[in-house]
Amino acid sequence: MKTDQLFIKAGTRGSNLAIIQKDIICDLIRNNYSNVDFETVIVSTTGDQIKDIPISEIGQLGVFSGELCRALTNNELDIIVHSLKDLPTKLNSGTVICMIPK
Numbered sequence: 001m002k003t004d005q006l007f008i009k010a011g012t013r014g015s016n017l018a019i020i021q022k023d024i025i026c027d028l029i030r031n032n033y034s035n036v037d038f039e040t041v042i043v044s045t046t047g048d049q050i051k052d053i054p055i056s057e058i059g060q061l062g063v064f065s066g067e068l069c070r071a072l073t074n075n076e077l078d079i080i081v082h083s084l085k086d087l088p089t090k091l092n093s094g095t096v097i098c099m100i101p102k
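Residue numbers (the UniProt record's numbering): 1 to 102.
See below:
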């Protein structure tokens with residue numbers, strides 16, 4: 001193993017789609033930076049946990065992204081991979097959307 005290897009904690013939800021999206025992004029990064037490797041961190045969100053109430057009735061923004069954003073802000077994750085359509089329009093200070101693949 002190279003000594004200059006960079007390990008990145010990549011947060012995502014636990015759904016099959018979310019994991020596939022995370023894998024695609026990590027592969028795109030890895031293809032351009034051979035010294036990068038990823039640890040997948042599955043984060044359970046409010047939207048994942050509340051199954052008996054329609055999302056529109058939960059009454060909060062970011063039901064599928066809030067916990068991911070908090071973990072990123074608290075330095076528990078290095079990156080999160082999440083669908084842009086589910087992110088709040090106002091991001092936490094210091095949070096940057098850095099990759100939107102085709």
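Where is the CB? At the ideal position from N, CA and C, for every residue including glycine.
Short Cβ contact (8 Å threshold) for Ile55 with Val43:
Not a contact, by the Cβ cut-off of 8 Å.
Can you list the alpha helix (DSSP H) stretches of 4 or more residues lying completely in the stretch 39 to 100, in chain order?
Complete alpha helix (DSSP H) runs here, min 4: 46 to 49, 55 to 58, 66 to 73.
Beta-carbon contacts of Pro88 that lie in its chain and below 6 Å, excluding the five residues immediately before and after
Around Pro88: Leu61, Gly62.
Suppose you measure from the CA of Leu68 to the CA of Gln5; what does that come to, to the nearest Å?
Between the alpha carbons of Leu68 and Gln5 lies a distance of about 25 Å.
Look at the alpha carbon of Thr46 and the alpha carbon of Cys98, and state the distance between them as a whole number of angstroms.
Going by the C-alpha atoms only, they are around 24 Å apart.
Is the beta carbon of Gly14 less than 8 Å from the beta carbon of Asp52?
Going by C-beta atoms, Gly14 is not nearer than 8 Å to Asp52.
Excluding five sequence neighbours on each side, which residues of the same chain lie with their C-beta closer than 6 Å to the C-beta of Phe38?
Excluding residues up to 5 positions away in sequence, Ile8, Ala10, Cys26 lie with their Cβ nearer than 6 Å to the Cβ of Phe38 in the same chain.
Could you check the C-alpha separation between residue 105 and Lys90 for me, to the nearest Å?
Nothing can be reported for residue 105: it is not among the residues displayed for the chain, which extend from 1 to 102.
Residue of Val81, Asn35, Ser93 minimising C-alpha distance to Asn20
One point to set straight first is that residue 20 is Ile, not Asn, in the sequence displayed. Measuring from the Cα of Ile20, the nearest candidate turns out to be Val81.
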